[in-house]
Each structure stands twice: as structure tokens, then as C-alpha cells.
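Q: Below are the C-alpha cells for one structure; questions will follow.
Protein chains: 2
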Amino acid sequence: MLIPLVRKLETFAKMTAEDRRTLEEVTDDIREFRPRQDIIGEDERPDHVHLMLKDWAARYKILPGGERPILGYLIPGDLCDVHVTLLDAMDHSITTLSACTIAFIGRDRIDAILSENGTLARALWWSTLVDEAILREWLVTVGHRPADKRLAYFICEMLLRMRAAGLADGNSFDLPVTQEEIDDTMGLSTVHVNRTLQELRAQGLVASKGRRMTVNDLERLCAFADFNPNYLHQQNQQTSQRREGRHKTGTTMQAGSCP
Amino acid sequence: MLIPLVRKLETFAKMTAEDRRTLEEVTDDIREFRPRQDIIGEDERPDHVHLMLKDWAARYKILPGGERPILGYLIPGDLCDVHVTLLDAMDHSITTLSACTIAFIGRDRIDAILSENGTLARALWWSTLVDEAILREWLVTVGHRPADKRLAYFICEMLLRMRAAGLADGNSFDLPVTQEEIDDTMGLSTVHVNRTLQELRAQGLVASKGRRMTVNDLERLCAFADFNPNYLHQQNQQTSQRREGRHKTGTTMQAGSCP
DNA sequence: CGCAAGATTGAAGTACGTCAATTCCAGTGG
DNA sequence: CCACTGGAATTGACGTACTTCAATCTTGCG
Chain W
1 MLIPLVRKLE TFAKMTAEDR RTLEEVTDDI REFRPRQDII GEDERPDHVH
51 LMLKDWAARY KILPGGERPI LGYLIPGDLC DVHVTLLDAM DHSITTLSAC
101 TIAFIGRDRI DAILSENGTL ARALWWSTLV DEAILREWLV TVGHRPADKR
151 LAYFICEMLL RMRAAGLADG NSFDLPVTQE EIDDTMGLST VHVNRTLQEL
201 RAQGLVASKG RRMTVNDLER LCAFADFNPN YLHQQNQQTS QRREGRHKTG
251 TTMQAGSCP
Chain H
260 MLIPLVRKLE TFAKMTAEDR RTLEEVTDDI REFRPRQDII GEDERPDHVH
310 LMLKDWAARY KILPGGERPI LGYLIPGDLC DVHVTLLDAM DHSITTLSAC
360 TIAFIGRDRI DAILSENGTL ARALWWSTLV DEAILREWLV TVGHRPADKR
410 LAYFICEMLL RMRAAGLADG NSFDLPVTQE EIDDTMGLST VHVNRTLQEL
460 RAQGLVASKG RRMTVNDLER LCAFADFNPN YLHQQNQQTS QRREGRHKTG
510 TTMQAGSCP
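Protein chains in written order, with our numbering: chain W, 1 to 259; chain H, 260 to 518.
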């Protein structure tokens, strides 16, 4: 269950057996969620932190006009807001997309880890910095790139993140997201997302059947999207992949080596 | 010099005299910057944290097409990335807008504060969470609101942040930003920013002469922009303003009370 | 006073949005 | 095994908020 989190943190620093045990001990409150069920709502004041174990969730806000911008996706291994408990209340909501498994970790237990285990504390802080970097890159993409590059960028990012969690199968991964959710994410209309996706398919950049997204040529897709993966800070990714020998396919494209 | 930082942190928790002294001791490396001078560039690996003391700076990236999206503004009292030193390298750059005064704080000194002073550590973490919340709200605004609301939102936010730093004079504040920089921020063209600003002025919502921005009717501007200040997490702002008696004008509009 | 940066204006083009059907498809029940 | 159903994907026609290009005007400043 914890493999995605451990894999992700190993991108930053080697985890010892004890670190892993600490993480296991702390994730004993595991809950199941239905699709499209709120995990936490705006204005609530959480006393625990959520760790995604299976499937995807999304952060969102509701605008007065009824629109529902999506602010980020949480995939297995993502820990949501290590320090939310410092805030007065949530300024956004989090919902599941598909049926999800999520661990609830009490704030005291997180605080204990942060103060007692230097390696883990640093790794967790590192992951929050990466979350913020992702947010910045989304801002660039949504605000300054045309529709086709937005979608290409989104697919690149999610593939690399899923890889880092050990959940991609070479160049394809499960994308449990409707086109309507993609337009809430990228600030486009459903119609335009649909047509733009068709274009990407027509150019042979991606293929998708059902929820499965396959990137035919990651190098070309990255180039097309001006995707520079440095913001994901996966600098150790290549070595960690090599060490663990996870990938069957010998793709030339690895995180960190996009043009 | 430290008033903006202290004021800001007091939004979260009361600072003792010793906390203030700690902050003062740590800000002994003060440097002056020219307008539009890079403070730190993408791919650099900083070994210190920057604290804005005077005037504004901006985070930005450079796109292959030459565009220069702005990702955030740093105003006096803003501490940039308390934990950057954990990352391999900067994924964006920071530049001054006008002539700035900035304190450089070594990573060891920040780490010392974080491990030795609980109150300050919590306050600093709180401020990083607020930074992230601001980023999320920008994403909503840039991706999902029309041009006129984007600008209105931007002006609301900067006024409230400047107030929280004690740098607004009632409803007006110095906005050392050109229209071109606003369009790099909000993902619009210069021409459209210009026309939209004129519209806001024509509706009597704002007035600006030179670098001075004045909000004529904050309540109306907030309503127009669907501005909900909860994301700034200034919940104690009202009390702290009352306690310190900073404001001359008796504006009805305070952070936390937007409709 | 004069220069360069910034603000403003006009005209023409386009990427994207909206509305409204229609088709596709996974899951359910018979 | 097939028919049914509701959500999701797709398509077409049309409208518009925004962009681009290219001047011109204004302002801060040495």
C-alpha cells in the first residue's frame, strides 16, 4: 500500500527500513471512499492529514457562477498538506474522482514524525515544495499556453508523476478523469477539450481508450508542450528507476531528460 | 525594517519581544537591488532565504517563445521559500520590480529558528501555507475568470496583503508594476489590460495616478470580483488592526468581511 | 528640454466559448 | 445474450472575448 509514497520520497532521499516502518505504523486508519465523494470541504478544519493510497482525488473550489475549477490532482503516494492543521480552515475542498482508498493520519502523529525523524521530515517538506512547484507550473500553463499545449502538458506531468509513484506501465497510465474534469482543470470548455484531444490523437502524440492514456512518443509530446520537467524535482528518478529496475520497456525518455 | 514581517506573522500568532529580537538578529545581511535586477535565477541553488524589506519583487519563468509569466509578487515582509535549500535547484527566477532592500538569511540560521523557536517556526510554516493558498487562488482567477474580474481580483488581493503588512494607506497603496507586468501576471495582452483597467475606472471601482492605486469602494470591488479573502487566512487581522489602531479611515471593509 | 518607457487608441483577425443535437459506451437488469 | 439507460464523448453552427499589429500620445526623469 505504501509503495507509491516510499517510491516518491526515495526520489529525494534513501529511506531506511525504519523509516518505512514509521510510515506503516502511522497509516493504520484506512478508509474507503465512493467516487465523487468529498474527502474534506471548504471551511472545515481538519485535525488530520490525508494520504492517498489508491486512485485519484482532486482539489477544487466552487465559484459563485457554479463553475468548479480543479486546482490539483492527488495520486497514490500524495500526502495532502502536511501542515493544514496550522490553518484556521480549508480554503478549498477535496473530492475523490473514482473509488479511493485513503489513510487518515492524526496531526499529532505527523508532528511527531516531523520532530523525531530528520530524514522523513526533510522528505515530507521536500514533497510539499514539489506540490507548490506543480502549482506554479499549472499557473504558467493555464495562463499562458494555448489549449493544445495545455493538454499535452497535463498529460506529460501526470505520466511522470504516475511513473514516480510506480503506477505507470511504460508510457501508459490510468487517467480516471472525464473530459469535463479536464476542462475544469485547464480552464477550457468541454467542446474545446474534446476537439483538442482529437488533434493530439490525430498527430499521433497520444492514444486513449477508456480511462487508459497512452503516450506514443513522450519526447515529441514534451517538445510539443515545451515541457521542462525540472519543476517536478525528480533529479534522482533515473538512478532510482535503474536501481529498482521497475521498467520493462527501454524507453529513452526519462524524467529529467526532456529536451 | 522588520515591521511588515512582524505584522504579518502577528496575523497568525502574537510575537514576543524575544521573537522579534530573534528576527532582528538574523537579518543582518541586508542588500540593495536595482530595479529589474535578478535576485536569484532559475537553476541556481540558493544557500539562503530572502526576506523582502522594501518594495516589490516578482517570481517569473521564461517560456521558449519569450513570454515571461509572473507567478507571484513578493512584498515587504514576504519571506521567500523558507525551505528552498531542500531543492536541487530553483525552478523559476525572482527579480526586483523597483529598487529593493532585501535581507539574505543563511539556511543554517533559518534551520536554527525552525528547530529552536516553536512559535516562530509555526508562524513561518503558516506563511508558506498562505503563499500556497495564494497560488491556488491565482490559478482559479487566471484560469476561470474573465479579464475584468481578474484585474479586480488582483487589486483586491494586493490591497489586503499590503494592509496586512501595514503598507496601505486606507484604500490606496503603491503598485510598482507596469501594465505589461500585469498582463504577464494575468495571462492577458497589454492592450486588453489597458482597456479593462479603463473600464474599472469608468465604473468608479478604482482610481490610479502614477504608481498609486486607490480602491474607491472595496466592498463593491470585492463583490464585482467574487473576491473571498478566506484564502489569505487573515482571520486575526481585524483584531490585530484594532489592537494596534493602524488605520485612520473608518472603512467598513476589513479582511475577512468581504461578502 | 528632450528622450525613452509606458499608456492609450483603432482596426482587423482568431482561438475559444456557447448552444443544441447526436452518437458512443459501460454498466445493469431481464 | 441482448435490450435498456444514463453518463460521457463527439459533432456542427454560430457568437465573442480576447489577441495582434501598428500608431500615437503621455509621462517620468536625467
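Every residue, glycine too, gets a C-beta built ideally from N, C-alpha and C.
Would you please verify whether the beta carbon of glutamine 237/W is less than 7 Å from any beta carbon of chain H?
A: For the purposes of this step, residue 237/W is taken as the residue at position 237 of the first sequence. Residue confidence is low: glutamine 237/W scores 49 on pLDDT, short of 50, so the model does not pin down where it sits. Its coordinate-derived value is still stated next. By this cut-off, glutamine 237/W is not an interface position.
Q: Note down, in chain order, every chain W residue with its Cβ under 8 Å from the Cβ of leucine 330/H.
A: If you number the second sequence from 1, residue 330/H lands on position 71. Neighbours of leucine 330/H on chain W, chain order: Arg136, Leu139 and Val140.
Q: Looking only at C-alpha atoms, which of Gly143/W, Phe173/W and Leu79/W sits nearest to phenylalanine 104/W?
A: Here the question's residue 104/W lines up with position 104 in the first sequence. Taking phenylalanine 104/W as reference, the option from Gly143/W, Phe173/W and Leu79/W with the minimal CA-CA separation is Leu79/W.
Q: Look at the alpha carbon of glutamate 301/H and the alpha carbon of threonine 387/H, and state the distance between them as a whole number of angstroms.
A: On the second sequence, residue 301/H is found 42 positions in, with the first residue counted as 1. On the second sequence, residue 387/H is found 128 positions in, with the first residue counted as 1. If you take the alpha carbons of glutamate 301/H and threonine 387/H, they lie about 20 Å apart.
Q: By the 8 Å beta-carbon criterion, what residues does the region 345-361 of chain H contribute toward chain W?
A: In summary, the residues of the region 345-361 of chain H whose CB is separated from some CB of chain W by less than 8 Å are Leu345, Leu346, Asp347, Ala348, Asp350 and His351, in the order they occur in the chain.
Q: Secondary structure at glutamate 32/W, three-state DSSP: helix, strand or coil?
A: For this step, residue 32/W is matched to residue 32 along the first sequence. If DSSP states are grouped into helix, strand and coil, glutamate 32/W belongs with the strands.
Q: Threshold first: 4 residues or longer. Then list the alpha helix (DSSP H) segments lying entirely within the region 179-236 of chain W, N to C.
A: Correct list: 179-186, 190-202 and 218-225.
Q: Buried or exposed, going by whether 16 or more other CB atoms sit within 10 Å of the CB of serine 448/H?
A: If you number the second sequence from 1, residue 448/H lands on position 189. Answer is exposed; the Cβ neighbour count stays below 16.
Q: Based on DSSP bridge pairs, tell me the residues matched to phenylalanine 173/W.
A: Position 173 of the first sequence, counted from the start, is the residue given in the question as residue 173/W. According to DSSP, which records beta bridges pairwise, phenylalanine 173/W is partnered with Met213/W.
Q: State the Cα-Cα distance for the pair proline 435/H and leucine 356/H, rounded to the nearest angstrom.
A: What you label residue 435/H is simply residue 176 of the second sequence in a count that begins at 1. What you label residue 356/H is simply residue 97 of the second sequence in a count that begins at 1. Distance between the alpha carbons of proline 435/H and leucine 356/H is about 7 Å.
Q: Checking 7 Å against the spacing of the C-beta atoms, do threonine 95/W and aspartate 184/W come in under that value?
A: On the first sequence, residue 95/W is found 95 positions in, with the first residue counted as 1. On the first sequence, residue 184/W is found 184 positions in, with the first residue counted as 1. Cβ distance not < 7 Å, so threonine 95/W and aspartate 184/W don't count as in contact.
Q: What are the start and end residues of the alpha helix (DSSP H) that includes alanine 121/W?
A: Within the first sequence, the letter at position 121 stands for residue 121/W. Alanine 121/W -> alpha helix (DSSP H) spans 118-144.
Q: Distance, Cα to Cα, glutamine 237/W vs asparagine 230/W?
A: Here residue 237/W is taken as the residue at index 237 of the first sequence, counted from 1. Here residue 230/W is taken as the residue at index 230 of the first sequence, counted from 1. Because glutamine 237/W sits at a pLDDT of 49, beneath the cut-off of 50, its placement in the model cannot be relied upon, and the following sentence gives the value as read from the coordinates. C-alpha separation (whole angstroms): 11 Å.
Q: Where does glutamate 137/W land, buried or exposed, given buried means 16+ other C-beta within 10 angstroms?
A: Residue mapping note: residue 137/W aligns to position 137 of the first sequence, counting from 1. Buried is the call here.
Q: If glycine 331/H and arginine 318/H are in contact, beta carbons under 8 Å, what's the gap, nearest whole angstrom?
A: Taking the first residue of the second sequence as position 1, residue 331/H is located at position 72. Taking the first residue of the second sequence as position 1, residue 318/H is located at position 59. Contact between glycine 331/H and arginine 318/H holds: CB atoms are separated by about 5 Å, below the 8 Å threshold.
Q: Listed from N- to C-terminal order along the chain, which residues in the region 365-384 of chain H have their beta-carbon within a distance smaller than 7 Å of any beta-carbon of chain W?
A: Arg381 and Trp384
Q: Over the uninterrupted beta strand (DSSP E) stretch that includes leucine 261/H, give me the two end residues.
A: Within the second sequence, numbered from 1, the residue matching residue 261/H stands at position 2. Looking at the DSSP string, leucine 261/H is not in any beta strand (DSSP E), and its letter there is neither H nor E.
Q: Quick check on this structure: which residue in Arg212/W, Glu10/W and Leu221/W has the alpha carbon closest to the alpha carbon of leucine 120/W?
A: As a working note, residue 120/W is residue 120 in the first sequence. Closest by alpha carbon: Glu10/W.
Q: Is it a yes or a no for the region 339-348 of chain H touching the region 305-325 of chain H, going by three-plus beta-carbon pairs under 8 Å?
A: yes
Q: Suppose you measure from the CA of alanine 89/W to the CA of alanine 382/H; what does that come to, to the nearest Å?
A: Here residue 89/W corresponds to residue number 89 of the first sequence, with the count starting at 1. Here residue 382/H corresponds to residue number 123 of the second sequence, with the count starting at 1. Answer to the nearest angstrom: the Cα atoms are 16 Å apart.
Q: For a quick check, are the C-beta atoms of aspartate 407/H and proline 64/W less than 7 Å apart?
A: Counting from 1 along the second sequence, the entry for residue 407/H is found at position 148. Counting from 1 along the first sequence, the entry for residue 64/W is found at position 64. Not a contact, by the Cβ cut-off of 7 Å.
Q: What does serine 485/H reach in chain W if we use C-beta pairs closer than 9 Å?
A: The count along the second sequence starts at 1 and reaches residue 485/H at position 226. According to the sequence shown, residue 485/H is aspartate rather than serine. Within chain W, the residues near aspartate 485/H are Leu63, Pro64 and Gly65.
Q: At 9 Å on the CB atoms, spell out the chain W contacts of glycine 429/H, in chain order.
A: Numbered from its first residue, the second sequence carries residue 429/H at position 170. Going along chain W, no residue has its Cβ under 9 Å from glycine 429/H, so there is no contact; the nearest lies around 26 Å.
Q: Does chain H have any CB closer than 7 Å to the CB of glutamate 132/W?
A: Residue 132/W sits at position 132 when you count from the first residue of the first sequence. Yes, because at least one Cβ of chain H sits closer than 7 Å to the Cβ of glutamate 132/W.
Q: Which residue wins for smallest C-alpha separation from tryptophan 126/W, given the options Ala99/W, Met1/W, Val191/W and Gln235/W?
A: Looking up residue 126/W in the first sequence gives position 126. The candidate whose alpha carbon is nearest that of tryptophan 126/W is Gln235/W.
Q: Which residue marks the beginning of the beta strand (DSSP E) containing isoleucine 329/H, and which one marks its end?
A: Looking up residue 329/H in the second sequence gives position 70. Here the beta strand (DSSP E) through isoleucine 329/H covers 329-333.
Q: Which residues of chain H have a Cβ atom closer than 7 Å to the Cβ of tyrosine 153/W, listed in chain order?
A: By 1-based counting over the first sequence, the position of residue 153/W is 153. Per Cβ cutoff of 7 Å: no residues; tyrosine 153/W is ~11 Å from chain H at best.
Q: Excluding the 5 residues preceding and the 5 following threonine 141/W in the sequence, name in chain order all residues of the same chain whose CB lies nearer than 6 Å to its CB.
A: For the purposes of this step, residue 141/W is taken as residue 141 along the first sequence, with counting starting at 1. For threonine 141/W, where only same-chain residues beyond five positions count, the Cβ hits under 6 Å are Arg150 and Tyr153.
Q: For phenylalanine 483/H, which residues from the same chain have a beta carbon less than 6 Å from its beta carbon, with the 5 sequence-adjacent residues on both sides left out?
A: As a working note, residue 483/H is residue 224 in the second sequence. For phenylalanine 483/H, where only same-chain residues beyond five positions count, the Cβ hits under 6 Å are Ala411.
Q: Check the Cβ of histidine 342/H against every Cβ in chain W and list those closer than 7 Å, keeping chain order.
A: In the second sequence, the residue the question calls residue 342/H occupies position 83. Within 7 Å Cβ-Cβ: Trp125 and Leu129.
Q: Looking at chain H, which residues of the region 29-56 of chain W have a Cβ within less than 9 Å of any of its Cβ atoms?
A: Under the 9 Å Cβ criterion, the region 29-56 of chain W contributes Glu42 and Asp43.
Q: Taking just the CA atoms, how far does leucine 200/W sit from arginine 163/W?
A: Sequence index remark: in the first sequence, residue 163/W carries index 163 (1-based). Sequence index remark: in the first sequence, residue 200/W carries index 200 (1-based). Whole-angstrom Cα-Cα distance: 21 Å.
Q: Helix, strand or coil: which one does DSSP assign to methionine 274/H?
A: Working through the second sequence from its first residue, we reach residue 274/H at position 15. Here methionine 274/H sits in coil by DSSP.
Q: Note down the Cα distance separating alanine 427/H from isoleucine 321/H, rounded to an integer number of angstroms.
A: Here residue 427/H is taken as the residue at index 168 of the second sequence, counted from 1. Here residue 321/H is taken as the residue at index 62 of the second sequence, counted from 1. The alpha-carbon atoms of alanine 427/H and isoleucine 321/H are separated by roughly 31 Å.
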